[in-house]
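Q: Take a look at this one; I'll ask things after.
Protein chains in written order, with our numbering: chain A, 290 to 715; chain B, 290 to 715.
Shown next as structure tokens:
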């Protein structure tokens, strides 16, 4: 029942961020071509859980899920002007007929062409919000820190289509609320700041960040008036000391970006001629927005800010497996404690919230309890259940370890079930 | 509540298969670069449901889910010899540093390199079964029939690692059983046949097919002794008439391949030096298998064999939405029937099996009931519920349409709830 994939991971580079070191050491990622990684089973489970949370929140605001191809014609990227703007970050290739293609780093061109092919769309059918969760490709000059900056990564991107700016702003607010829901469900301390629109274009944008010394962004935050923006927005050194809005002292922090929202206006709908028919039966350009969360990046960022040097930690809701059961080492009455452990595993796995492989039995009886507790703690389980000597008493008791709070408590079966029932999963 | 994405789809090519025509006409796919398609919301729901079924069955046989990158170094493909063998079907590109990369059409090279980096693996930790569901790329010379033969498609691929041939055969049987479970859950009439190992290599392989006149494969089936194989396996014309095993007359059918399993032996583990330590503490080559289901292809194949010219049909379990509620057209007491429809939608959506957007309210009251019934039938809902005149009687009754069996019946609320409760979803 305990899935081991061979020896411990390889040595890590000293310059790596702690999250990257942990991911590599614990074999949660395996490197492929430069800047590409295989997500190994535990990480895959976290990523899948995060995807479910994101889908859930996107559906709740009327998002419709799609999958757009990664391959795109060079033509649509030339049309938007980004074939050049993206520079060598855009991976280019030719098919067998020498047609020029590229690997999409984002999908404004594809989705706007698609909506154009359906247009003119009646205002009655707007807003439309299309989203996907899939791979994105970016030929980073310096891939680093594993999934924090890599060449192929998992992204949730949503594109919104409204009949006018006012409604587009309403959609923008809804989506920003959905983003806050996602980050709140992960219990993250996040900052929402004004940001540069960059190559994306558009009239306004906001980013979501979490504080981290290894972050590549710098945020300027004013406690007094709430002004908050990415340093890249200002060239004026003055504003790095005093708030550009109220003049008070500002706080400056390093951070990792975990989400980005853009009001695009008609930049892409104009280029691709994506129209609607208004209430007044007039043709008009569709007003767009786009909204991105780097899924693999967000999981890494969580690990970065929550873990210690050796102990990988994730928000409970996206921890790969919630419970690890550790029977005593091979020896005196170990057949009994193994059987007890199996029974606990089976019982807990029947709970609705734990039935999807949330309970793992570490039946490597050649290892000491201590060693397996240490591994379980490093691995980031929410709870450990040790089935040791006190399980052999007339009224069996089990040591339950809360790895996050570093607390231990002896519990009987009913108490464990009660505790387990209240673990939130997704 | 009713998601419309603009006008009806574009004209279709006459030479297309019926499933491709339906997918295009109903806007379930939108074409991108040659041989690439966006999966639109209804199709995405079907695909997601199929993915859940597949994951479920893969997990049940001990499969561990991963995500391998699509980008791979040319190096590992040269090492296996398939950089040339695949010919121009392999999409090649260079990164910003002129390093040679390719877009993976399958992942034997990547997964075996990965397992090598963990090896030698103790026999105690085998078998390992790694699977993923993700995009695959193949530069088809003649992409056709939309998702049946395209350049970028969704695939489930599982790779198994065993300590010896005997255990590899056991894994092979388990996986073939899992495949049968998947196809049975879809209620498909499928054929399992012996097949060519092709560029994959290995010692043995089986394919799963469904019968269809537009299929590109030909199967030779013997009713007498059960012998069944893909015609590509034989060059002897004799065997196209009489069974190569028992001599009886054979049946020949056209078919679409929906799954493929391979016993790979040590072909890749030898090339990539993926080893294990046996019980006898000796080093030995890991014995592999690989198992593929083209997910988007399977959904298309289902549509191909189940649909009529205008009515798209899917296995119930993977139908995008189960129920469509149709209130009467704007007019006499239409406010009441709309309210009744909303109440039914809300009630049914609270059922556990229908809560994930399985119930759609077609509130386009400008359209006649008849027109919306026709659309709902073409769209492939399992049931339609018409809230018309009989809903205005003292004891409201609703017309429930079973689209698959083309049956209608008047039902009261409780009967509808009872019917709805028994719809299987995933």
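C-beta: ideal position from N, C-alpha, C; glycine also.
Nothing here was measured: the structure is a model prediction, and the numbers come from that model.
Are residue 482/B and residue 513/B close, meaning C-beta to C-beta below 9 Å?
A: no
Q: Exposed or buried, what is residue 350/A when buried is set at 16 or more other beta-carbons lying within 10 Å of its beta-carbon?
A: buried
Q: For residue 319/B, decide whether its Cβ has a neighbour in chain A, counting only Cβ atoms nearer than 9 Å.
A: Yes, contact with chain A.
Q: Tell me the residue span of the alpha helix (DSSP H) that contains residue 511/B.
A: Counting along the chain, residue 511/B falls outside any alpha helix (DSSP H), and DSSP gives it neither H nor E.
Q: Applying a beta-carbon distance threshold of less than 9 Å, which residues of chain A neighbour residue 441/B?
A: 358, 359, 360
Q: For residue 564/A, does the three-state DSSP call read helix, strand or coil?
A: strand
Q: Report yes or no: is there a C-beta of chain A within less than 9 Å of the C-beta of residue 448/B?
A: no
Q: Mind listing which residues of the stretch 677-696 of chain A have their C-beta closer than 8 Å to chain B's C-betas, in chain order?
A: none
Q: Does residue 611/A have its Cβ less than 9 Å from a Cβ in chain B?
A: no
Q: Whole angstroms is fine: what's the gap from residue 659/B's alpha carbon to residue 682/B's?
A: 21 Å
Q: Along the stretch 323-339 of chain B, what residues have a CB closer than 8 Å to any CB found in chain A?
A: So the list reads 323, 325, 326, 327, 328, 329, 330, 333, 334, 336, 337, given in the order they occur along the chain.
Q: Assuming residue 557/B contacts residue 401/B (C-beta within less than 8 Å), just tell me the rounded distance between them.
A: 4 Å
Q: Would you mind stating whether residue 352/A and residue 412/A have Cβ atoms separated by less than 9 Å?
A: no
Q: State the Cα-Cα distance for the pair residue 744/B and residue 582/B, rounded to the nearest angstrom.
A: Absent from the structure is residue 744/B, since the part of chain B shown begins at 290 and ends at 715.
Q: Using the three-state DSSP reduction, which class does residue 700/B fall into: helix, strand or coil?
A: strand
Q: Between which residues of its own chain and residue 716/B is the CB-CB distance below 7 Å, once the five residues before and five after are set aside?
A: Past the boundaries of the shown model lies residue 716/B; chain B is included only from 290 to 715, so the question cannot be answered.
Q: When DSSP builds the beta bridges, which residues end up paired with residue 630/A?
A: Its beta-bridge partners do not exist; DSSP assigns none.
Q: According to DSSP, simplified to helix, strand and coil, what is residue 430/A?
A: coil
Q: With a CB to CB cut of under 7 Å and the five nearest residues on each side skipped, what residues in its chain are close to residue 596/B?
A: 307, 308, 311, 602
Q: The alpha helix (DSSP H) spanning residue 462/B covers which residue range?
A: Residue 462/B -> alpha helix (DSSP H) spans 454-474.
Q: Kindly indicate if chain A contains any beta-carbon less than 9 Å away from that of residue 605/B.
A: Output row for residue 605/B: interface = no.
Q: Taking C-alpha atoms, which residue in 649/B, 355/B, 606/B, 335/B lies nearest to residue 333/A?
A: Answer by Cα proximity: 355/B.
Q: For chain B, find out if any of its Cβ atoms is closer than 9 Å to the Cβ of residue 402/A; answer yes or no.
A: With its beta carbon less than 9 Å from one in chain B, residue 402/A belongs to the interface.
Q: Could you tell me the distance, in whole angstroms, from the CA atom of residue 393/A to the CA atom of residue 487/B?
A: 31 Å
Q: Along chain B, which residues have their Cβ under 9 Å away from the Cβ of residue 412/A?
A: Correct list: empty, because the minimum Cβ distance to chain B is about 12 Å.
Q: Pick from 563/A, 447/A, 506/A: whose alpha carbon is nearest that of residue 403/A?
A: 563/A
Q: Since residue 646/A contacts residue 348/B with CB under 8 Å, what's their CB separation in whole angstroms?
A: Yes, they are in contact, since the Cβ atoms of residue 646/A and residue 348/B sit about 7 Å apart, within 8 Å.
Q: Quick one, which of 532/B, 695/B, 407/B has its alpha-carbon nearest residue 313/A's?
A: 407/B
Q: Can you tell me where the beta strand (DSSP E) with residue 318/B in it begins and where it stops?
A: Start and end: 318-320.
Q: Identify whether residue 395/A lies in helix, strand or coil by the three-state DSSP scheme.
A: coil
Q: Ends of the alpha helix (DSSP H) at residue 585/A?
A: 584-595
Q: In terms of residues, what are the limits of the beta strand (DSSP E) holding residue 444/A?
A: 441-451
Q: Answer with yes or no whether the minimum CB distance from residue 459/A to chain B is below 9 Å.
A: no
Q: Suppose you measure from the CA of residue 708/B to the CA of residue 586/A; what does that come to, to the nearest Å?
A: 44 Å
Q: Sort out for me which residues DSSP pairs residue 691/A with in a bridge.
A: Bridge partners of residue 691/A: 672/A, 696/A.
Q: State yes or no: is the beta carbon of residue 572/B nearer than 9 Å to at least one beta carbon in chain A?
A: no
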